[in-house]
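Peer 1: Here it is, the structure in full.
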Amino acid sequence: MSGVLAGFTVIFVVIAIGYALGRSRVLGEHGEFVLSRLVFFVATPALLFDTLAKSDLSVIFSPTLAVASATAFAIGIAYFVITRTVMSRPVPEATIGALASSYVNSANLGIPIAVFVLGDASFVAPLLLFQIVVYSPIALTMLDLTTGTRSGSWVETVTTPFKNPIVLAGVAGLAVSISGWVPPTALTEPFRLVGGASVPGALLAFGISLYGVRVLQRGLAPRREIALASVLKIVVQPVLAYLMGRFALGLEGHDLFAVVVVSALPTAQNVFVYASRYGRGVVLARDTALVTTLASIPAIGLVAALLA
């Protein structure tokens with residue numbers, strides 16, 4: 003349990019620093035916007051390339067990948083269908099909400115939790131691979147195609163995923179890992195150095211965005227959508243991961259514990275960065291990330307008490 007608290011403490015401290023930056027206006031009125039774009043276009047692609055290029059494929063292609071991909075798709079599709087049919091939400095907002103309900107914080111919180119609670123950071127590698135190489139391209143393509151950023155031709159539709167810097171970096175990193183080539187340090191060090199800004203940058207931007215707003219503020223926050231996304235993320239996804247891991251894949255012991263803990267991680271701040279980039283569902287992404295981050299503390303503690 004102490005590992006859970008240690009991991010969350012790191013996150014909250016950095017978010018608090020971001021909030022202080024927003025309150026003091028040190029970065030100016032457009033600090034959040036600039037920082038979010040820096041994370042989206044530069045830091046996160048560098049981090050993903052560096053991480054995936056060094057990943058062991060035998061660790062990545064594991065039962066954790068099957069559980070992570072199946073549960074994320076199931077939860078994301080469930081949210082998308084409910085909000086489109088019952089709440090009549092536009093496709094961009096429904097897409098952001100689908101990400102908020104299923105896109106796990108695998109980097110800035112997943113890695114510390116994997117180290118402190120699970121004893122091995124490699125447990126989040128399959129999830130990182132799936133979200134970057136498969137899940138993000140699908141969601142970002144939907145956002146690109148529904149927010150007025152395409153020409154409408156079939157060529158544009160096909161090539162859209164390959165124009166996104168995050169997707170390109172993920173594919174490039176995976177290609178290097180598959181090839182077995184070990185790039186010289188002089189080439190990899192710049193990616194490691196720049197990529198180091200991704201996690202704190204996303205958290206700082208998230209913290210800045212919290213200044214001057216009230217979470218779940220009446221009239222501004224889509225409360226029903228935030229509640230739906232939060233319940234799906236913190237309650238339904240871990241339960242689904244347990245059922246699939248235990249009864250479909252036959253996982254037991256520490257392996258089963260690991261896949262459930264990873265599924266119980268909160269919404270990634272990357273979803274907020276994506277929402278800010280496209281200007282759709284920003285409040286939904288921000289509030290869901292905060293609510294699930296708070297709720298995941300007792301959730302992961304409960305999982306640890308039951309399965310550890």
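Here the sequence shown stands for residues 3 to 310, numbered as in the working numbering. Each residue gets a CB set at the ideal place from its N, CA and C atoms; glycine is no exception.
1. Tell me whether the stretch 133-142 and the stretch 16-27 touch, counting them as touching only if at least three CB pairs, one residue from each stretch, are closer than 8 Å.
2. Please classify Ile79: is it buried, with 16 or more other beta-carbons within 10 angstroms of its beta-carbon, or exposed?
3. Let me know the secondary structure DSSP gives Val169 once reduced to three states.
4. Pull up the DSSP beta-bridge partners for Thr46, would you.
5. Please report the distance separating the alpha-carbon of Val284 from that of Met246.
6. Buried or exposed for Ala307, please, with buried defined as at least 16 other CB atoms from any protein chain shown within 10 angstroms of its CB.
7. Identify, in the order they occur along the chain, each residue of the same chain with its Cβ nearer than 6 Å to the Cβ of Asn166, setting aside the five sequence neighbours on each side.
8. Quick one: using the 10 Å Cβ neighbour count with 16 as the cut-off for buried, is Arg282 buried or exposed?
9. Have a look at the DSSP bridge pairing and note the partners of Thr269.
10. Looking at the secondary structure, which residues open and close the alpha helix (DSSP H) in which Leu120 lies?
11. Candidates Leu234, Leu292, Val263: which alpha carbon is nearest Phe14's?
12. Around the C-beta of Gly30, are 16 or more other C-beta atoms found within 10 angstroms, so that it is buried, or is it exposed?
13. Could you pull out every residue in the same chain whose Cβ sits closer than 6 Å to the Cβ of Arg91, ignoring the five residues on either side in sequence?
14. So what's Ser64 in DSSP terms, helix, strand or just coil?
15. Flag this pair as yes or no: are the beta carbons of Ser211 and Ser278 separated by less than 9 Å?
16. Measure the CB-CB distance between Ser240 and Ala204 and report whether it falls below 9 Å.
17. Using the C-alpha atoms, what's the distance from Val36 back to Ile228?
18. Find the nearest neighbour of Val263 within the set Ala76, Val44, Val69, judged by alpha-carbon distance.
19. Applying the 10 Å Cβ sphere with the 16-neighbour rule, what's the burial state of Asp58?
Peer 2: With the given structure in hand:
1. Contact fails: fewer than three Cβ-Cβ distances are below 8 Å.
2. Exposed, since its Cβ has fewer than 16 Cβ neighbours within 10 Å.
3. Under the three-state reduction of DSSP output, Val169 falls in the helix class.
4. Thr46 is not bridged to any residue.
5. So the alpha carbons of these two residues sit roughly 32 Å apart.
6. By the neighbour-count definition (other C-beta atoms within 10 Å, threshold 16), Ala307 is an exposed residue.
7. Around Asn166: Leu142.
8. Counting other Cβ atoms within 10 Å of its Cβ, Arg282 reaches 16 or more and is therefore classed as buried.
9. Beta bridge pairing from DSSP links Thr269 with Val106.
10. Annotation: Leu120 is outside any alpha helix (DSSP H) and is labelled neither H nor E by DSSP.
11. It is Leu292 whose Cα lies nearest to the Cα of Phe14.
12. Flag for Gly30 reads exposed.
13. Same-chain partners within the cutoff: Thr85.
14. Three-state result, Ser64: coil.
15. Taking the C-beta atoms as reference points, Ser278 is found nearer than 9 Å to Ser211.
16. One point to set straight first is that residue 240 is Pro, not Ser, in the sequence displayed. Not a contact, by the Cβ cut-off of 9 Å.
17. Going by the C-alpha atoms only, they are around 26 Å apart.
18. Minimum Cα distance to Val263 is reached at Val69.
19. Residue environment: Asp58 is assigned as exposed (fewer than 16 neighbouring CB atoms within 10 Å of its CB, all protein chains considered).
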